[in-house]
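Single-structure report; data block below.
In my numbering, the protein residues as written are 184 to 387.
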């Protein structure tokens with residue numbers, strides 16, 4: 184079972200937007216990865232241009248004699264998964280409480296709160312979207328899972344948030360593309376009118 188430890192966390196905490204805060208850099212050390220003979224050390228940074236956490240360097244240290252680091256091992260290493268795991272450990276979420284919450288604390292509280300209004304739900308969708316983007320997770324997937332809606336509904340929620348001016352320009356452009364793609368998917372997977380039929384035929 185892989186284990187993660189975090190080292191050398193930078194004291195500077197960056198505001199990634201929408202209540203998401205993350206250190207400028209840190210080192211993630213992962214041991215116990217199947218077929219990796221030792222520890223993986225990832226130097227991870229928050230890149231303001233990419234608007235997400237990214238691996239700046241990766242090092243694999245063999246456990247000892249009889250082990251070796253090969254190009255095949257390096258090729259199969261899931262760097263993005265390590266970055267996501269580590270970023271989720273160090274990120275903090277300002278949900279309006281007295282203290283910022285950890286990733287796990289925020290999601291636990293969100294799931295337990297069934298009293299949110301539609302506007303509050305929309306704002307949480309924006310926060311979830313940004314949180315997922317920062318840690319290298321799927322933004323619409325996280326919104327869908329944590330708010331208990333379909334991915335298509337999550338897409339529409341984020342598009343409403345874009346129209347309402349609740350997201351920044353870069354996120355707005357991204358959401359607009361996703362909304363258009365979702366519309367195309369729904370058009371192609373929707374009811375089909377066949378020649379000679381009187382209307383839509385589903386599953387015929």
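Even for Gly, the Cβ is constructed at its ideal location relative to N, Cα and C.
Computed from a prediction, not measured in an experiment: that's the story for all the values here.
Reduced DSSP secondary structure (H/G/I, E/B, other) of residue i
i, result
"residue 234", "coil"
"residue 225", "strand"
"residue 241", "strand"
"residue 385", "Since pLDDT at residue 385 reaches only 36, below the 50 mark, its modelled position is unreliable, and the value read off the structure follows with that caveat. Note: residue 385 maps to coil in three-state DSSP."
"residue 278", "coil"
"residue 202", "coil"
"residue 270", "helix"
"residue 297", "coil"
"residue 307", "helix"
"residue 216", "coil"
"residue 302", "helix"
"residue 326", "helix"
"residue 208", "strand"
"residue 290", "helix"
"residue 188", "strand"
"residue 260", "coil"
"residue 197", "strand"
CB-CB length for residue i against residue j, believed under 8 Å
i, j, result
"residue 245", "residue 278", "Wrong, their Cβ atoms sit about 43 Å apart, outside the cutoff."
"residue 330", "residue 308", "6 Å"
"residue 215", "residue 313", "Not quite, the Cβ-Cβ distance comes to about 31 Å (not below 8 Å), so this is no contact."
"residue 186", "residue 210", "Rounded, the Cβ-Cβ distance is 15 Å, inconsistent with contact."
Residue i to residue j span [Cα, whole Å]
i, j, result
"residue 376", "residue 270", "Because residue 376 carries a pLDDT of 45, less than 50, the predicted location of this residue cannot be relied on, and the following value inherits that uncertainty. The alpha-carbon atoms of residue 376 and residue 270 are separated by roughly 48 Å."
"residue 202", "residue 282", "12 Å"
"residue 237", "residue 266", "7 Å"
"residue 206", "residue 192", "7 Å"
"residue 296", "residue 268", "25 Å"
"residue 304", "residue 217", "40 Å"
"residue 339", "residue 364", "11 Å"
"residue 348", "residue 184", "44 Å"
"residue 197", "residue 232", "13 Å"
"residue 286", "residue 328", "14 Å"
"residue 195", "residue 243", "27 Å"
"residue 378", "residue 299", "Because residue 378 carries a pLDDT of 47, less than 50, the predicted location of this residue cannot be relied on, and no value is offered for it."
"residue 208", "residue 230", "9 Å"
"residue 289", "residue 366", "31 Å"
"residue 239", "residue 350", "28 Å"
"residue 301", "residue 337", "13 Å"
"residue 370", "residue 344", "23 Å"
Pair within 7 Å by beta-carbon distance, residue i and residue j
i, j, result
"residue 224", "residue 316", "no"
"residue 188", "residue 212", "yes"
"residue 318", "residue 274", "yes"
"residue 326", "residue 311", "yes"
Task: the stretch 306–326 contacting the stretch 345–364, beta-carbon criterion three pairs below 8 Å - done: yes
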